[in-house]
Every structure is written in C-alpha cells, then in structure tokens.
Amino acid sequence: MSPARWILLLIAFSLSAVGLRALTVEKSGIRVDANFKTLDRADGRANYDYREIDRTIALKAVVKNTGFKPLPAGKVEWTILVRRWGFSEIGRIEKATGSAEVPALKQGESAELTLGEVRIGGHLHGTSKEHVDSTEGWKLVFTHEDRVTEVLSSPSVTPLEKRAGK
Numbered sequence: 540m541s542p543a544r545w546i547l548l549l550i551a552f553s554l555s556a557v558g559l560r561a562l563t564v565e566k567s568g569i570r571v572d573a574n575f576k577t578l579d580r581a582d583g584r585a586n587y588d589y590r591e592i593d594r595t596i597a598l599k600a601v602v603k604n605t606g607f608k609p610l611p612a613g614k615v616e617w618t619i620l621v622r623r624w625g626f627s628e629i630g631r632i633e634k635a636t637g638s639a640e641v642p643a644l645k646q647g648e649s650a651e652l653t654l655g656e657v658r659i660g661g662h663l664h665g666t667s668k669e670h671v672d673s674t675e676g677w678k679l680v681f682t683h684e685d686r687v688t689e690v691l692s693s694p695s696v697t698p699l700e701k702r703a704g705k
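Numbering-wise (our numbering), the sequence shown opens with residue 540 and increments by one.
#1: Just to confirm my understanding: we take A650, look at its own chain, exclude 5 residues before and 5 after, and list those with CB closer than 7 Å. What are they?
#2: For V696 and E669, what's the separation of their Cα atoms in angstroms?
#3: Do you know whose CA, among S667, T666 and G676, lies nearest T636's CA?
#4: Three or more C-beta pairs under 8 Å: does that hold for the region 610-630 against the region 579-591?
#5: Hey, quick one: how far does the beta strand (DSSP E) through E700 stretch, first residue to last?
#6: Any idea if D672 is buried or exposed, counting beta-carbon neighbours within 10 angstroms, 16 or more meaning buried?
#7: Helix, strand or coil: how does DSSP classify A556 here?
#8: If you draw a straight line from the alpha carbon of I592 to that of I569, how long is it in whole angstroms?
#9: Note the first and the last residue of the continuous beta strand (DSSP E) segment covering E689.
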C-alpha cells in the first residue's frame with residue numbers, strides 16, 4: 540500500500556475517532572447540513588475531579604435547494620431526541636418538537652435555521668461521560684406546498700422516537 544493511501548486511511552480513522560457530529564443528508568432536492576450548536580454554557584467545577592454540566596443546545600441546520608426548480612416557502616417540523624442519564628441503566632429518551640418557517644429558495648440557494656433549544660445536564664467524574672445527557676438524533680420533516688420530505692440523522696431515530704416520552 541502506498542504512503543499516500545496510508546495517510547488517507549489515518550486521516551479517515553482519526554476523524555471517525557474524534558466523533559464529528561456534523562451530518563449532511565440529501566433527499567428529494569434538499570440538502571441538509573446539521574450540527575448541534577451550544578447556545579449557553581453554565582458548567583461549574585466542584586473540585587479537580589468533578590464537574591457539573593449545564594448547557595443549552597440547538598440544532599443548526601443549513602438547508603440548500605439542490606433541485607433544478609425553485610423551492611417555495613414552506614415549513615419544517617423538527618424533533619430532537621435526548622437520552623437523560625439519571626432514570627435507569629440505559630437512560631430515558633425524551634423528545635423536543637417544534638416547527639419553523641423555511642424561506643423560498645432558488646436553485647443552489649441555502650438558508651440557515653436554528654431549531655429548538657434543549658438542555659443538556661449531568662456531571663463528569665474525570666473524563667467519564669456516563670452521567671451526562673446525550674443527543675441521540677434528530678428528524679426534520681419539510682413541507683413545501685404538496686411535497687413532504689423527511690430527513691433523519693440515523694435509522695435508529697424512528698424506533699427511539701416511538702420509545703420517547705415528552
């Protein structure tokens with residue numbers, strides 16, 4: 540194997556190990572680049588080995604029209620799934636839902652949307668994230684006139700959403 544190929548494999552492995560949370564999904568002429576964005580951070584430190592986590596995050600989505608026709612104004616219904624750590628060994632899944640307006644987009648045009656606010660809490664013992672809430676995924680349903688497009692962050696979102704409580 541050539542050195543260049545080894546370097547590419549190393550870079551790919553490094554990026555997957557870091558766990559980059561950004562995700563790009565394209566479906567029916569709509570491309571969505573989504574990532575969770577921290578809106579507020581009020582973390583506190585009790586001692587050198589214990590830290591309280593208190594954050595407010597939102598889903599930042601850049602929506603781009605990749606189709607050949609202009610996309611009329613519409614709406615997006617969003618769902619964010621969060622695993623709460625303190626309720627059982629596997630945690631409890633909660634969902635936050637809402638909707639937002641999507642502006643009309645010409646061919647190749649994009650718009651940035653900030654969807655929802657979710658609190659992430661818990662505490663860290665050293666570097667262990669066992670006692671911290673975590674985002675499990677998101678679902679976006681775009682409605683433009685009579686066209687409906689559903690975009691999921693992963694296939695596990697549908698069964699987790701069925702299990703989720705409010």
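Virtual Cβ for every residue (Gly too), placed ideally from N, Cα, C.
Remember, predicted model here, so these are calculated numbers, not experimental data.
Taking the geometry as given:
#1: Here residue 650 refers to the residue found at position 111 when the sequence shown is read from its first residue. Cβ within range, chain order: V602, V641, P642 and L644.
#2: To locate residue 696, count along the sequence shown from 1; it is residue 157. To locate residue 669, count along the sequence shown from 1; it is residue 130. Looking at the two C-alpha atoms, the distance is approximately 21 Å.
#3: Against the sequence shown, residue 636 aligns to sequence position 97. Per the Cα distances, G676.
#4: no
#5: For the purposes of this step, residue 700 is identified with residue 161 of the sequence shown, where counting begins at 1. Per DSSP, E700 belongs to no beta strand (DSSP E); it is in the alpha helix (DSSP H), V696 to R702.
#6: One-based indexing of the sequence shown puts residue 672 at position 133. Classification for D672: buried.
#7: Residue mapping note: residue 556 aligns to position 17 of the sequence shown, counting from 1. In this prediction, A556 has a pLDDT of 39, which is less than 50 and means its spatial position is unreliable; what the coordinates show is noted afterwards. Note: A556 maps to helix in three-state DSSP.
#8: As a first step, residue 592 is located in the sequence shown; it is residue number 53 there, counting from the start. As a first step, residue 569 is located in the sequence shown; it is residue number 30 there, counting from the start. If you take the alpha carbons of I592 and I569, they lie about 35 Å apart.
#9: Taking the sequence shown and counting its residues from 1, one reaches residue 689 at position 150. R686 to L691 is the extent of the beta strand (DSSP E) around E689.
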